[in-house]
Amino acid sequence: MGLVRYFEEPELRGPVMVIGLRGWPDGGRVSSGSVSYLISKLSAKRFAEIDSSGFYDLTLKRPYVKYRKGVIMEYQLPDNTFHYVGDVLDGGLILFLGEEPSFRWFEYVDALLEVIRRFSVSRVFTVGGLLDRIPHTVEPVVTFSTNSAEEAARLSRLEMDATDYEGPSSVHSLILYRLKQERIVALSLWGHSPYYLSGMDLQTIYHVVKRLSELIGLEVDLNDLKLECDAFRERLDSEVKSNEELRNVVAELENEYYLSRRRPYYVS
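Take 195 as the starting number for the sequence shown in our numbering and just add one per residue.
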């Protein structure tokens, strides 16, 4: 049996694929939060999954279990699931939500490529999140990387910030590299979250989803997410106001940001 299990064979015609991954490249839960939102908002239907066995160090990514009256009922490894929406864009949309693997990265990407080839995916977008020295009081920074010089030039004309980075990477970079070999254009969007935040950064998620929707031509009403974003910002402002140490951190980052107009260029 292959690495991908199919529950349904949707009729898609050159769909766009969006990839979100939990784990190291999910700072502020921007990656998983953005794709989870789209899955829910668009009522995307699960149609396939990657067999997760052998991809994870289970001492670090513990399986989920359920017991009832002392009897084990469920044992679940980290999940890696494909969802589809057939009635959007020209050929449909595939949304993949998974967990960055600990091992066998090339085989994991091969599983993604199997689905990409099977449905003749036309373009691939990955979403990442990282923690950075940026205050929550400025517009969230969203940077990009791609496997196409033409795409990089196009995005630069849209005044998007390109990544200049050299160092350790996540599986996102391997996805871009392998797709370049397949001659499939792929783009990675990274939302930069303030390092002092804990939990989900709804403000950055909103800006990433908005930018992603614009780039793929997806018409989706984001008013609900904007309301959550605004409420999140109000709670955070209130917390900063009542916490002197946090106020000092934010003031320092604001000063750093406005003096340099810094745009952090970090990718993984």
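Just so it is clear, CB atoms sit at the ideal spot from N, CA and C, and this is done for glycine as well. Keep in mind it's a predicted model, so treat the numbers as computed, not measured.
- Residue state for Trp-218 is assigned as coil, using DSSP reduced to three classes.
- It is roughly 17 Å from the alpha-carbon of Gly-385 to the alpha-carbon of Asp-424.
- The C-beta of Thr-340 has 16 or more other C-beta atoms within 10 Å across all chains shown, which makes the residue buried.
- With contacts defined by Cβ atoms closer than 7 Å, Gly-214 and Val-321 form a contacting pair.
- In this structure, the straight-line span from the alpha carbon of Val-365 to that of Ser-454 is close to 31 Å.
- At least 7 Å separates the beta-carbon of Leu-232 from that of Phe-313.
- For the set Lys-260, Ser-387, Ser-350 and Glu-202, the Cα lying nearest the Cα of Glu-333 is the one of Ser-387.
- For the 7 Å CB-CB criterion, Phe-300 and Phe-249 do not form a contact.
- For Ser-367, the enclosing alpha helix (DSSP H) stretches over residues 365 to 375.
- Around the beta carbon of Tyr-400, 16 or more other beta carbons sit within 10 angstroms, so the residue counts as buried.
- In the DSSP annotation of this structure, Tyr-278 is not part of any alpha helix (DSSP H); the continuous beta strand (DSSP E) holding it starts and ends at 275 to 279.
- With a beta-carbon spacing of about 16 Å, Glu-268 and Lys-255 fall beyond the 8 Å limit used to define contacts.
- By the neighbour-count criterion, in which 16 or more other beta carbons inside 10 Å mark a residue as buried, Gly-264 falls on the exposed side.
- Look at Ser-226 here: in three-state DSSP terms it is helix.
- Your pair Ile-244 and Gly-292 checks out as a contact, with CB atoms roughly 7 Å apart and the cut at 8 Å.
- For the pair Leu-430 and Arg-441, the Cα-to-Cα distance works out to about 11 Å.
- For Arg-312, the three-state secondary structure derived from DSSP is helix.
- The residue among Leu-289, Ser-246 and Ile-410 with its C-alpha nearest the C-alpha of Leu-349 is Ile-410.
- For Ala-242, there is no enclosing alpha helix (DSSP H); the residue is found in the beta strand (DSSP E) stretching over 239 to 244.
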